[in-house]
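Down below is the structure, laid out as C-alpha cells.
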Amino acid sequence: MIRKSTTSLAVIAMLAAVSDTAAGGRALECYEPVHRPALYDTVYEDVMLSPGGQMVDYDAAIYGTYQSVEQIAPPRVTYETVPAETRTVYHTVRVDDGGYAWEWRVIHGRKVLCKVWRKARYARVAEIVVVRPERVHRVVQPAEYESVAREVQVRPQQVRIREIPPSYGTVARRVVVREGSTSWRRVHIPRHCQD
Numbered sequence: 015m016i017r018k019s020t021t022s023l024a025v026i027a028m029l030a031a032v033s034d035t036a037a038g039g040r041a042l043e044c045y046e047p048v049h050r051p052a053l054y055d056t057v058y059e060d061v062m063l064s065p066g067g068q069m070v071d072y073d074a075a076i077y078g079t080y081q082s083v084e085q086i087a088p089p090r091v092t093y094e095t096v097p098a099e100t101r102t103v104y105h106t107v108r109v110d111d112g113g114y115a116w117e118w119r120v121i122h123g124r125k126v127l128c129k130v131w132r133k134a135r136y137a138r139v140a141e142i143v144v145v146r147p148e149r150v151h152r153v154v155q156p157a158e159y160e161s162v163a164r165e166v167q168v169r170p171q172q173v174r175i176r177e178i179p180p181s182y183g184t185v186a187r188r189v190v191v192r193e194g195s196t197s198w199r200r201v202h203i204p205r206h207c208q209d
C-alpha cells in the first residue's frame with residue numbers, strides 16, 4: 015500500500031510539473047492524502063502464571079527419655095580373714111620350791127653362816143590362750159543395680175512432599191487487525207483543480 019501511494023505521489027508530482035510548464039502554472043489535477051489509522055483489537059489468552067512444583071516439609075525427629083534398671087556389677091565372692099579369738103587366763107605357779115638354805119647373818123655383832131628353812135614361793139602368771147583359731151570367711155556380694163536414663167527416638171524425622179499444580183490465568187493482549195495506511199484521493203477545487 016505504501017509503495018503504491020509513493021508511486022501515485024510521484025505521478026502526481028510529475029503531472030503537476032508538466033501542467034505547470036504546459037499550462038502556465040494552472041493546476042489540472044489535485045490530490046489530497048487520506049490516512050487510514052491502524053485497527054486494533056483485544057484478544058484474551060490463557061497463559062501459565064506459575065509452573066507449579068513441589069514443596070517439602072520437614073518434621074524433626076521426636077526424642078524421649080527411657081528409664082531402666084541396669085546391672086553395673088555382677089555378683090562376686092570374696093574371702094576375709096577372721097583373726098583368732100584369744101583370752102587371758104591367770105595361773106598360780108610355784109616359782110621357788112623352798113627348803114633348807116644357807117645364808118649369812120649378823121647376830122650380836124657377829125657374822126655367822128646359818129642354816130635356815132625357806133617356804134616355797136608362788137606367783138600369779140597370765141597366759142593368753144586361743145579360744146577360736148584364725149579362719150577364712152567366705153563373703154558373697156550380690157549384684158549391684160542402678161537406674162539409668164537413656165534418650166530414645168520416639169518418632170523419626172518425617173518428610174512430606176506437597177505437589178503444587180501449575181496455575182493459569184487469562185491475559186489481555188492488543189493485536190493489530192489492520193495496519194494503518196496512507197492513500198491519495200483526487201479532489202476537485204473550483205477555479206483551481208478542474209478537468
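Just so you know, my numbering puts 37 at position 23 of the sequence shown, and the rest follows in order with no gaps.
Every residue, glycine too, gets a C-beta built ideally from N, C-alpha and C.
query: Neighbourhood of P47 by C-beta distance below 7 Å, restricted to the same chain and skipping five residues each side; result: T196 and W198
query: Per-residue DSSP class, three states only, for R149; result: strand
query: Same chain, Cβ closer than 7 Å to T92, five either side skipped, listed in chain order; result: V153 and Q155
query: Continuous beta strand (DSSP E) stretch holding E117: start and end; result: G113 to I121
query: Continuous alpha helix (DSSP H) assignments of at least 4 residues falling wholly in the stretch 137–182; result: none
query: Three-state secondary structure assigned by DSSP to G78; result: strand
query: Alpha-carbon to alpha-carbon, M69 and Y58; result: 31 Å
query: Rounded distance between the beta-carbons of Y72 and V166, thought under 8 Å; result: Not really, about 21 Å apart at Cβ, beyond 8 Å.
query: The stretch 106–122 contacting the stretch 134–143, beta-carbon criterion three pairs below 8 Å; result: yes
query: Pick from G67, K125, R149 and V61 that is closest to V185, judged by C-alpha positions; result: V61
query: 7 Å Cβ cutoff met for E94 and V145; result: no
query: G66, DSSP secondary structure in three states; result: coil
query: Beta-bridge pairing of P88 - partner residues as DSSP gives them; result: DSSP, once it has assigned bridges, lists no residue as partnering P88.
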